[in-house]
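One structure is given here, and the rest of the page talks about it.
Numbering (this note's numbering), first residue to last: 111 to 295.
Next up, the structure:
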(Lines of atoms letter the chains of each structure in order from A; the text may use other names.)
(Lines give C-alpha, C1' and ligand atoms only; values in the text may rest on other atoms or scores of the structure.)
Protein backbone atom coordinates (compact mmCIF):
# COMPACT_ATOMS: atom_id res chain seq x y z
CA UNK A 111 0.00 0.00 0.00
CA UNK A 112 1.47 3.36 -1.00
CA UNK A 113 1.62 6.19 1.55
CA UNK A 114 -0.96 8.09 -0.48
CA UNK A 115 -3.36 5.14 -0.15
CA UNK A 116 -3.01 4.88 3.63
CA UNK A 117 -6.00 6.37 5.46
CA UNK A 118 -4.74 9.18 7.68
CA UNK A 119 -5.45 9.80 11.31
CA UNK A 120 -8.40 12.11 11.49
CA UNK A 121 -9.83 14.59 13.64
CA UNK A 122 -10.51 16.23 16.78
CA UNK A 123 -12.12 19.44 17.81
CA UNK A 124 -10.56 21.89 20.24
CA UNK A 125 -12.17 25.17 21.30
CA UNK A 126 -10.99 28.04 23.46
CA UNK A 127 -13.54 30.54 24.81
CA UNK A 128 -12.59 33.71 26.71
CA UNK A 129 -15.41 35.41 28.60
CA UNK A 130 -15.93 37.05 31.98
CA UNK A 131 -12.28 36.94 33.06
CA UNK A 132 -11.99 33.22 32.39
CA UNK A 133 -10.75 31.10 29.50
CA UNK A 134 -11.97 27.56 28.95
CA UNK A 135 -10.29 25.14 26.55
CA UNK A 136 -12.29 22.02 25.68
CA UNK A 137 -11.43 19.10 23.44
CA UNK A 138 -13.15 15.91 22.42
CA UNK A 139 -11.64 12.47 22.90
CA UNK A 140 -12.02 10.80 19.50
CA UNK A 141 -9.08 9.47 17.50
CA UNK A 142 -9.98 7.99 14.11
CA UNK A 143 -8.00 6.09 11.51
CA UNK A 144 -9.81 6.24 8.22
CA UNK A 145 -13.41 5.33 9.01
CA UNK A 146 -12.59 3.56 12.26
CA UNK A 147 -12.69 5.07 15.73
CA UNK A 148 -9.47 3.90 17.40
CA UNK A 149 -10.02 5.59 20.76
CA UNK A 150 -12.86 7.62 22.20
CA UNK A 151 -11.26 9.03 25.33
CA UNK A 152 -7.97 10.64 24.29
CA UNK A 153 -6.89 13.66 26.34
CA UNK A 154 -6.00 16.50 23.94
CA UNK A 155 -6.25 19.39 26.40
CA UNK A 156 -3.50 19.71 28.99
CA UNK A 157 -2.32 22.06 31.69
CA UNK A 158 1.34 23.05 31.52
CA UNK A 159 3.11 24.63 34.50
CA UNK A 160 6.65 25.58 33.53
CA UNK A 161 8.20 27.40 36.46
CA UNK A 162 4.85 27.72 38.24
CA UNK A 163 3.32 29.66 35.33
CA UNK A 164 0.03 28.00 34.32
CA UNK A 165 -0.83 27.59 30.65
CA UNK A 166 -3.58 25.47 29.13
CA UNK A 167 -2.97 23.96 25.69
CA UNK A 168 -5.16 21.94 23.35
CA UNK A 169 -3.98 20.23 20.19
CA UNK A 170 -5.35 18.86 16.96
CA UNK A 171 -3.38 16.64 14.62
CA UNK A 172 -0.79 13.98 15.26
CA UNK A 173 -0.45 13.23 18.97
CA UNK A 174 3.29 12.57 18.86
CA UNK A 175 3.83 15.77 16.88
CA UNK A 176 1.68 17.74 19.32
CA UNK A 177 3.59 16.38 22.33
CA UNK A 178 6.84 17.45 20.67
CA UNK A 179 5.41 20.94 20.21
CA UNK A 180 4.09 21.08 23.78
CA UNK A 181 7.55 20.15 25.12
CA UNK A 182 9.09 22.90 22.99
CA UNK A 183 6.49 25.38 24.19
CA UNK A 184 7.26 24.51 27.82
CA UNK A 185 10.96 25.20 27.18
CA UNK A 186 10.11 28.54 25.57
CA UNK A 187 7.91 29.44 28.55
CA UNK A 188 10.71 28.52 30.98
CA UNK A 189 13.03 30.85 29.04
CA UNK A 190 10.45 33.68 28.99
CA UNK A 191 8.40 33.27 32.19
CA UNK A 192 4.99 34.93 32.12
CA UNK A 193 5.30 35.87 28.43
CA UNK A 194 2.97 33.56 26.52
CA UNK A 195 2.97 35.71 23.39
CA UNK A 196 6.77 35.78 23.17
CA UNK A 197 7.05 32.04 23.85
CA UNK A 198 4.38 31.33 21.21
CA UNK A 199 6.12 33.49 18.60
CA UNK A 200 9.47 31.82 19.34
CA UNK A 201 7.87 28.37 18.97
CA UNK A 202 6.21 29.38 15.68
CA UNK A 203 9.53 30.71 14.33
CA UNK A 204 11.31 27.48 15.23
CA UNK A 205 8.46 25.43 13.79
CA UNK A 206 8.66 27.28 10.49
CA UNK A 207 12.45 27.25 10.12
CA UNK A 208 13.62 23.96 11.71
CA UNK A 209 13.73 21.12 9.15
CA UNK A 210 12.60 18.54 11.71
CA UNK A 211 9.76 20.64 13.12
CA UNK A 212 8.49 21.57 9.63
CA UNK A 213 7.31 17.99 9.20
CA UNK A 214 5.12 18.09 12.32
CA UNK A 215 1.38 17.94 11.66
CA UNK A 216 -0.50 19.56 14.51
CA UNK A 217 -2.02 22.85 15.62
CA UNK A 218 -2.23 24.29 19.11
CA UNK A 219 -4.57 26.53 21.07
CA UNK A 220 -2.80 28.04 24.09
CA UNK A 221 -3.88 30.37 26.88
CA UNK A 222 -2.60 31.71 30.16
CA UNK A 223 -6.03 32.98 31.18
CA UNK A 224 -5.45 36.41 29.68
CA UNK A 225 -4.10 35.75 26.22
CA UNK A 226 -5.54 33.20 23.78
CA UNK A 227 -3.64 32.06 20.66
CA UNK A 228 -3.72 29.58 17.82
CA UNK A 229 -0.23 28.44 16.82
CA UNK A 230 0.35 26.82 13.40
CA UNK A 231 3.25 25.27 11.54
CA UNK A 232 3.05 28.04 8.94
CA UNK A 233 4.57 30.41 11.49
CA UNK A 234 1.26 31.88 12.61
CA UNK A 235 0.43 33.03 16.12
CA UNK A 236 -3.16 34.15 15.80
CA UNK A 237 -5.18 35.95 18.44
CA UNK A 238 -8.75 35.13 17.52
CA UNK A 239 -11.43 37.71 17.01
CA UNK A 240 -14.54 37.57 19.18
CA UNK A 241 -12.67 35.71 21.99
CA UNK A 242 -13.23 32.26 20.45
CA UNK A 243 -10.58 30.01 18.88
CA UNK A 244 -11.22 26.59 17.37
CA UNK A 245 -9.12 24.04 15.50
CA UNK A 246 -9.48 20.53 14.15
CA UNK A 247 -11.94 18.77 11.91
CA UNK A 248 -14.98 20.08 13.78
CA UNK A 249 -13.39 23.42 14.60
CA UNK A 250 -15.48 25.53 12.24
CA UNK A 251 -18.72 24.04 13.59
CA UNK A 252 -17.67 24.70 17.20
CA UNK A 253 -16.46 28.20 16.31
CA UNK A 254 -19.76 29.17 14.68
CA UNK A 255 -21.79 27.75 17.56
CA UNK A 256 -19.68 29.50 20.22
CA UNK A 257 -19.74 32.83 18.42
CA UNK A 258 -23.54 32.64 18.25
CA UNK A 259 -23.64 32.27 22.05
CA UNK A 260 -21.07 34.92 23.02
CA UNK A 261 -23.66 37.70 23.42
CA UNK A 262 -25.80 35.62 25.79
CA UNK A 263 -25.50 35.45 29.58
CA UNK A 264 -23.81 32.03 29.35
CA UNK A 265 -20.34 31.71 30.88
CA UNK A 266 -17.23 30.53 29.02
CA UNK A 267 -17.53 26.89 30.10
CA UNK A 268 -21.21 26.62 29.21
CA UNK A 269 -20.50 28.10 25.77
CA UNK A 270 -17.54 25.77 25.17
CA UNK A 271 -19.49 22.67 26.19
CA UNK A 272 -22.53 23.60 24.09
CA UNK A 273 -20.37 24.43 21.05
CA UNK A 274 -18.55 21.09 21.38
CA UNK A 275 -21.88 19.25 21.60
CA UNK A 276 -22.99 20.89 18.35
CA UNK A 277 -19.69 20.04 16.65
CA UNK A 278 -19.98 16.41 17.84
CA UNK A 279 -23.46 16.20 16.31
CA UNK A 280 -22.17 17.40 12.93
CA UNK A 281 -18.55 16.19 12.57
CA UNK A 282 -18.03 12.40 12.36
CA UNK A 283 -14.45 12.85 13.65
CA UNK A 284 -15.61 14.51 16.89
CA UNK A 285 -17.27 12.90 19.90
CA UNK A 286 -18.88 14.20 23.07
CA UNK A 287 -16.32 12.89 25.57
CA UNK A 288 -14.74 16.16 26.64
CA UNK A 289 -11.67 17.25 28.51
CA UNK A 290 -12.23 20.75 29.86
CA UNK A 291 -9.65 23.00 31.51
CA UNK A 292 -10.41 26.44 32.98
CA UNK A 293 -7.92 29.16 33.68
CA UNK A 294 -8.32 32.74 34.91
CA UNK A 295 -5.78 35.45 35.37
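Idealized CB from N, CA, C, for every residue including glycine.
Host alpha helix (DSSP H) of residue i (start-end)
i: residue 182; result: 173 to 189
i: residue 213; result: Premise fails: residue 213 is in no alpha helix (DSSP H) and is neither H nor E.
i: residue 290; result: Where residue 290 is concerned, there is no enclosing alpha helix (DSSP H), although the beta strand (DSSP E) it sits in stretches over 289 to 294.
i: residue 197; result: 194 to 207
i: residue 268; result: 266 to 280
Among the options, nearest to residue i - alpha-carbon criterion
i: residue 259; options: 249, 246, 245, 240; result: 240
i: residue 136; options: 153, 205, 235; result: 153
i: residue 151; options: 253, 294, 285; result: 285
i: residue 128; options: 254, 221, 249, 278; result: 221
i: residue 251; options: 182, 283, 130, 174; result: 283
i: residue 292; options: 138, 122, 164; result: 164
i: residue 217; options: 245, 273, 149; result: 245
i: residue 226; options: 195, 204, 121; result: 195
i: residue 212; options: 224, 230, 121; result: 230
i: residue 198; options: 184, 207, 209; result: 184
i: residue 173; options: 139, 192, 224; result: 139
i: residue 224; options: 207, 193, 204; result: 193
i: residue 187; options: 238, 276, 161, 171; result: 161
i: residue 290; options: 281, 276, 261, 270; result: 270
Cβ separation of residue i and residue j, assumed to be a contact under 8 Å, to the nearest whole Å
i: residue 169; j: residue 124; result: 7 Å
i: residue 297; j: residue 214; result: No information on residue 297 is available, as it lies outside the stretch 111 to 295 that the chain covers here.
i: residue 233; j: residue 202; result: 5 Å
i: residue 294; j: residue 131; result: 6 Å
i: residue 288; j: residue 274; result: 6 Å
i: residue 278; j: residue 255; result: Contact flag wrong, Cβ pair sits at about 11 Å.
i: residue 166; j: residue 266; result: Rounded, the Cβ-Cβ distance is 12 Å, inconsistent with contact.
i: residue 126; j: residue 219; result: 5 Å
Delimiting residues of the beta strand (DSSP E) encompassing residue i
i: residue 220; result: 216 to 221
i: residue 227; result: 226 to 229
i: residue 146; result: 146 to 149
i: residue 249; result: Looking at the DSSP string, residue 249 is not in any beta strand (DSSP E); the run it does join, the alpha helix (DSSP H), is 249 to 259.
i: residue 154; result: Unbroken run through residue 154: none, as it is neither H nor E.
* Asked: With contact counted as at least three CB pairs below 8 Å, one residue from each stretch, are the stretch 157 to 168 and the stretch 139 to 146 in contact?
  -> no
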